[in-house]
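For reference, the structure discussed in these notes is given below.
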Amino acid sequence: MPSYEPGELLRNAHFLREVDEDDLESLGTALVREDFDQGDVILRQGTRAQAMYFIARGEVDVLRKQGEGPVQRLATLEPGDTFGESELIHRQPRIATVRANQPTSVYRWDRSAMSNFMKAHPKALTSLRFSAKSRLLASQLRFRWLAEDEVIYGLSRKHSVLLYEGLTLPIFLLFGASALVWYGLAQGGSLFLWIAGGLALAGVALGIWRWIDWRNDYYIVTDRRVVWLEKIIGIYDSRVESPLHMVLSVSISTDVLGRTFGYGDVIIRTYTGRVIFRNVEDPHAMAALVEEHWQRVRAKKDDTDRETLEHIVKHRLEPETDTLEPEEIEEQVPAPERTAPRPDGLARFGFKVRFEEKGVITYRKHWAVLLREIGLPSMLIMLVVGLLGARLGGLVTVSTLSNFFFFTGAALIPLFSWWIYRYVDWANDIYQITAEQIVDVYKKPLAREMRKVAPLENVLGTEVDRKGLLGIMLNYGDVITNIGTEQFTFEGVFDPIGVQQDIVHAQETFLHRRTDRERSQRRDEMVELLDIYHDQYASRDKERPAKSKG
């Protein structure tokens with residue numbers, strides 16, 4: 067776990083990016099260091115806010131208790147994070163308890179010193195307000211796709227100017243309705259009143275729809291990824307995300323109106339393209355948050371590599387610990403590559419749309435897709451069976467009973483064959499996630515099978531696309547996985563957000579295993595280099611006495 071000095075903490079803080087070095091050094095002297103043991107409470111929920119804190123070492127849990135309910139852990143913060151600023155900005159009591167979950171050191175920034183500093187640096191205050199607003203909004207919302215220990219640092223909707231722009235038409239409709247009411251009352255015509263009522267109802271409904279639509283779009287920065295959530299009620303539901311380690315650069319684009327009202331676009335370039343936060347409030351603060359946590363991810367990787375090298379050198383310099391423990395040996399054994407098996411038995415010809423077998427997750431298209439495929443043959447089968455029942459009941463007297471049986475039987479055989487063909491076609495189209503790869507299998511009955519495979523390490527980003535009222539109500543849609551310049555599309559799967567999370571989790575697990583293997587390889591290489599160095603150094607020591615004797 068890294069440890070930071072005050073200067074490093076301040077330089078990395080997103081809201082202090084534009085503060086010059088001299089002012090940061092002066093600020094560092096105003097911070098007060100406090101040390102806590104595991105289990106110590108740093109802040110208590112409900113108390114008055116007197117300071118904000120920078121975490122220099124250790125970790126803290128953010129806990130909240132509501133009413134008589136259990137205590138909930140909202141987040142776990144680590145070195146480089148801050149806490150306590152939200153209550154200072156919004157002038158409210160502490161909304162959560164902060165407790166050290168290991169020996170922890172923090173730097174306290176008291177309210178009075180902070181107030182004086184912010185008066186001289188209004189841009190820093192604006193950025194800190196954005197962060198505090200994000201924390202407050204994140205505490206009020208729950209996103210079920212977040213990982214257990216994932217922390218939201220930036221959360222924003224589109225700027226309110228976009229909401230006012232969207233409400234322009236509803237307001238005009240209401241003004242028009244008011245004018246018609248006045249005219250109708252003056253002329254005594256009920257038709258104008260009915261039209262005014264319709265316009266007013268349309269204006270109110272459209273205004274509510276625009277307001278809800280504005281509230282449903284979010285731009286999110288966590289400690290692992292950037293996410294763009296977009297939802298148009300009853301029409302469209304989408305989530306675009308990219309892991310922070312895939313980010314290449316961050317830039318800002320604004321126009322005259324945006325600079326006037328304080329909004330703009332944050333353009334995040336990744337290996338697959340771009341994730342654009344459009345018309346976001348305070349784009350500079352949002353971009354700074356992305357950059358801070360993107361650089362943190364890179365710094366964590368560098369720290370991990372350094373710790374690995376330090377461990378290797380220490381391990382080599384201490385011969386008594388030279389033998390590896392069984393747990394270490396097991397860590398170095400690469401996980402066997404697992405190929406995706408075909409589902410068999412009831413799993414293959416059942417109606418389940420998600421099932422796991424030997425660590426491989428298999429998906430089928432949603433049963434709504436199946437109903438669409440078998441809808442016509444099912445209706446024709448029911449029609450023929452209904453006619454047969456009507457003939458047996460005497461409601462239909464066409465032809466003799468034996469002839470009727472013959473013709474209905476002759477009709478049902480191809481209809482059932484058609485139905486079975488459509489069902490098998492649906493059952494044969496599967497998508498799989500294994501320990502190493504994602505698989506797309508497309509097969510027509512009695513035809514050639516097409517199988518697309520891509521390694522998890524090449525996954526650069528994922529998107530979720532749910533279109534139409536039916537897709538949103540029944541929770542199915544497409545999951546688009548970017549593989550280099552190509553795309554893998556899991557079409558019409560149930561719970562596409564859950565499928566997306568399965569892909570992300572599988573990739574994280576794979577990368578973790580690969581990192582462990584690379585560490586083991588580097589350790590072996592370093593041990594070999596140290597052995598060579600030791601042998602060369604020892605041989606020189608032996609040669610020196612021989613030369614001195616000669």
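Be aware that the sequence shown starts at 67, since it is given in my numbering, and climbs by one per residue. Glycine included, each C-beta is placed from N, C-alpha and C at the ideal position. Here the structure is a predicted model, which means the values were calculated and not measured.
- For Leu221, the enclosing beta strand (DSSP E) starts and ends at 218 to 222.
- Under the DSSP definition of a beta bridge, Ile427 partners with Glu422, Ile499.
- Close CB contacts of Lys518 within its chain, under the 6 Å cut and outside five residues either way in sequence, are with Asp506 (chain order).
- DSSP places Val464 outside both helix and strand once states are collapsed to three, so it counts as coil.
- Residue environment for Ile504: buried (at least 16 other C-beta atoms within 10 angstroms of its C-beta).
- For Trp175, the three-state secondary structure derived from DSSP is strand.
- Membership of Val293 in the beta strand (DSSP E) is indicated by the continuous run 291 to 298.
- Pro480 sits exposed, since fewer than 16 C-beta atoms from the chains shown fall within 10 Å of its C-beta.
- A straight line joining the alpha-carbon of His350 with that of Arg344 spans about 13 Å.
- When the alpha-carbon of Glu552 is set against those of Ser200, Asn282, Ala520, Thr474, the nearest one is in Ala520.
- Annotation for Glu376: no residue places its beta carbon closer than 6 Å to its own, counting only its chain and skipping 5 residues before and after.
- Sequence-distant partners of Gly273 (beyond 5 residues in either direction) whose C-beta falls short of 7 Å from its own C-beta, in its chain, are Leu233, Pro236.
- In this structure Pro443 is not in contact with Trp492, their Cβ atoms being roughly 12 Å apart against a cut-off of 8 Å.
- Between the region 109 to 120 and the region 318 to 334, the count of C-beta pairs closer than 8 Å stays below three; the two stretches do not touch.
- Rounded to whole angstroms, the separation of the alpha carbons of Ala141 and Thr547 is 29 Å.
- Leu240 is a Cβ neighbour of Gly269, given a cutoff of 8 Å.
- In this structure, Val346 keeps its C-beta atom at 8 Å or more from the C-beta atom of His311.
- Annotated three-state conformation of Val85 is coil, per DSSP.
- For the region 321 to 368, the continuous beta strand (DSSP E) assignments of 3+ residues that do not extend past its boundaries occur at 329 to 336, 340 to 347, in sequence order.
- Going by DSSP, Glu231 is part of the alpha helix (DSSP H) stretching over 226 to 232.
- Taking a C-beta distance under 8 Å as the contact criterion, Ile342 and Gly330 do not qualify as a contact pair.
- Just so you know, the alpha carbons of Ile298 and Asp88 end up roughly 48 Å apart.
- Here DSSP, grouped into helix, strand and coil, assigns Gly550 to coil.
- Rounded to the nearest angstrom, the Cβ distance from Val530 to Val545 is 6 Å, consistent with a contact under 8 Å.
- Residue burial annotation: Asp369 is exposed, with fewer than 16 other C-beta atoms found within 10 angstroms of its C-beta.
- Where Asp103 is concerned, there is no enclosing beta strand (DSSP E), because DSSP gives it neither an H nor an E.
- In the three-state reduction of the DSSP assignment, Tyr487 falls in the helix class.
- For Arg517, DSSP records a beta bridge to Val507.
- Classified as buried, Trp175 has 16 or more neighbouring CB atoms from the shown chains inside 10 Å of its CB.
- 8 Å or more divides the Cβ of Ser193 from the Cβ of Pro145.
- Counting only the Cα atoms, Lys418 lies some 19 Å from Ile569.
- Taking 8 Å as the cut-off, the beta carbon of His225 is found no closer than this to the beta carbon of Ala198.
- Under the three-state reduction of DSSP output, Gly112 falls in the coil class, being neither helix nor strand.
- DSSP places Asp279 in the uninterrupted alpha helix (DSSP H) bounded by 256 to 281.
- The C-alpha of Thr95 lies about 13 Å from the C-alpha of Phe183.
- The C-beta of Lys185 has fewer than 16 other C-beta atoms within 10 Å across all chains shown, which makes the residue exposed.
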